[in-house]
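The structure under discussion appears below in the form of structure tokens.
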Amino acid sequence: MSKVSSELAAKLKQSTEFNAEACYHCGTCTALCPMGYEVLPRKLFREAMLGLEEKVKARIPEIYQCLLCRMCEENCPQDVHIAENVRYLRNLINKEEMNLIK
Amino acid sequence: MPLPIAPILGILADNIKQRGSVLPISKKASTGWAKGLNLPKGGDTVIYTGQMYQLIPAIDAMSKQMAMFEESPITKLFGLGRFANKIINLSFFMSLMASKDMKVENNRILKNITGLLKKTGVEFGYLYEDDMYSGALIYDEGLDEIFVPHAKKVFEKLKKNGVKKIITVDPHTTNMMRDIYPKVVPGYDIEVQSYMEVLAEKAPEVLKQCNKELVIHDSCVYARYENMVDQPRELLKNAGIDIKLPELSGKSTHCCGGPIEALFPKKAHEIAGNRIEQLSEEGKDIVTMCPICLVNLRKAAKGKDCQLKDISDTLADAYL
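In structure tokens:
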């Protein structure tokens, strides 16, 4: 069973930078990703929006492996700002998990 | 064992905070290329390198080192390395290990670009030691709280030197200073144009038709972030180049792998290898327009029947 963090879910909901609500899971991003990761980015965003903190933490390598090349974003039918969303998650992890911002 | 993310990002962040660059290099390494070019310091318009081409030899030396560490237990000591780097400028030693040939090539590229710009009649200066790194890598890694104060410092230097417009030479600096700085630096009012946009606009005379085939590798940042696809094609076409394009090109270009080189060198090499396969199917001579693409793809092309060059070398052959 996954533990839900309502704090994470609320943070993403309130953010003006993170926006994946329009995603309807067509899978175009997954099909085009040069990294070939099945998780990036739609599953990851869904987990993050649901506040599944442990699942997001388990995806840390993939989150930093994103090339930010925007191949997915260029072809996203819903205009989700995928690269910016990944950067937003990195920023959260840098602050809250890695303690890099002091 | 994969490279540890936190200490590496920590070292990059500390370097930016303490030394103004992700990988500090000497004044000679960053401004030496302009020696003898008589570029005035500052002015309304300046060529802005953001130190990207100059940093590449040091970054390459570091990533070779990192790739060796990737599978070794030494990764456990990276936390200690970060601590030491705060006191002694450890990363500076990496720049001492940089390849001399690469330094010569990158200096030549910047000289070529300066020559091409001079030919358009545009008057411009250079900021020398005030030509600072834009902070692209720490921004990409989501270190926003470290990036924003750095961006403000960069803007202050531009203002101090009376700069109103910068002409950039690489995609990452172009994107940072054209699209990201206005969002995070209050009052930011610098006009930004890439040198290829200036050249395409001014259309300088071609002195020598090159009459050869070249395969273009588009940069993701130029093509998808900056919508800059036509200018390099126009400039090469006017120079008599028969342009060959891989299936994934223009707005659908494929990444070189470079953005993850610092943290995941093996994976970066794999992505570069995939791209080299695609490019070499179209021809042997490939041009890039980003220093990161050039160094990454070239590594993956080792032992393959193809050569990579920066686009400015071809433009210099035809226009200068």
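Same order as they appear, the protein sequences are chains A and B. According to my numbering, the residues represented by the first sequence are 1 to 102, in order. According to my numbering, the residues represented by the second sequence are 103 to 422, in order. Every residue, glycine too, gets a C-beta built ideally from N, C-alpha and C.
Bridge-paired residues (DSSP) for residue i
i	result
aspartate 412/B	Thr390/B
valine 294/B	Ile268/B
lysine 143/B	Tyr228/B
valine 148/B	Gly227/B and Ile268/B
Contact belief for residue i with residue j at Cβ below 8 Å, rounded distance in angstroms
i	j	result
lysine 310/B	glutamate 231/B	Contact doesn't hold; Cβ gap of about 36 Å is too wide.
leucine 316/B	threonine 416/B	7 Å
lysine 266/B	threonine 151/B	Actually they do not touch by this definition, with Cβ atoms about 18 Å apart.
valine 124/B	leucine 239/B	5 Å
cysteine 357/B	proline 273/B	Contact doesn't hold; Cβ gap of about 12 Å is too wide.
aspartate 412/B	isoleucine 211/B	5 Å
Alpha-carbon to alpha-carbon, residue j and residue i
i	j	result
glutamine 14/A	leucine 260/B	35 Å
glycine 385/B	glutamate 299/B	26 Å
valine 250/B	glycine 359/B	26 Å
isoleucine 169/B	isoleucine 343/B	For clarity, residue 169/B is alanine in the given sequence; the question names isoleucine instead. About 37 Å.
lysine 353/B	glycine 223/B	31 Å
asparagine 329/B	threonine 355/B	12 Å
aspartate 116/B	leucine 100/A	10 Å
lysine 143/B	threonine 275/B	20 Å
proline 34/A	cysteine 26/A	17 Å
cysteine 408/B	lysine 346/B	14 Å
glycine 217/B	threonine 270/B	14 Å
alanine 10/A	glutamate 247/B	21 Å
cysteine 29/A	threonine 390/B	25 Å
glycine 145/B	tyrosine 228/B	8 Å
glutamate 97/A	valine 294/B	36 Å
histidine 252/B	cysteine 312/B	43 Å
glutamine 167/B	leucine 105/B	12 Å
isoleucine 60/A	isoleucine 378/B	28 Å
valine 287/B	lysine 119/B	17 Å
serine 364/B	proline 306/B	In the sequence on display, residue 364/B carries alanine and not serine. Those two C-alpha atoms are separated by around 38 Å.
valine 4/A	proline 361/B	32 Å
asparagine 19/A	leucine 89/A	11 Å
serine 2/A	glutamine 65/A	24 Å
Endpoints, the beta strand (DSSP E) within which residue i is located
i	result
leucine 316/B	314-318
lysine 346/B	343-346
Residue-chain proximity (residue i, chain A), Cβ-Cβ < 8 Å
i	result
phenylalanine 257/B	no
cysteine 322/B	yes
isoleucine 345/B	no
cysteine 392/B	no
arginine 121/B	no
serine 280/B	One detail in the question is off: residue 280/B reads as arginine in this sequence, not serine. It does not; no Cβ of chain A falls within 8 Å.
tyrosine 327/B	yes
alanine 108/B	yes
histidine 252/B	no
lysine 285/B	no
histidine 319/B	no
aspartate 272/B	no
histidine 371/B	no
isoleucine 362/B	yes
phenylalanine 366/B	yes
glutamate 293/B	no
glutamate 243/B	yes
cysteine 408/B	no
glycine 112/B	yes
Interface flag, residue i vs chain B, CB-CB below 8 Å
i	result
proline 41/A	no
glutamate 74/A	yes
cysteine 29/A	no
asparagine 94/A	yes
asparagine 19/A	no
arginine 59/A	no
proline 77/A	no
leucine 67/A	yes
asparagine 91/A	yes
tyrosine 37/A	no
isoleucine 82/A	no
Range of the contiguous alpha helix (DSSP H) that encloses residue i
i	result
serine 132/B	129-133
methionine 204/B	202-221
asparagine 277/B	273-277
alanine 31/A	28-32
leucine 89/A	82-96
lysine 119/B	107-121
alanine 48/A	42-49
histidine 252/B	246-262
serine 15/A	Run containing serine 15/A: none; DSSP gives neither H nor E here.
asparagine 340/B	332-340
glutamine 153/B	Careful: glutamine 153/B lies outside any alpha helix (DSSP H) and carries neither H nor E.
asparagine 376/B	367-382
cysteine 72/A	71-75
tyrosine 283/B	283-286
Check: residue i C-beta below 7 Å from any heavy atom of the ligand HEM
i	result
asparagine 117/B	No copy of the ligand HEM occurs in the structure displayed, which carries no ligand at all.
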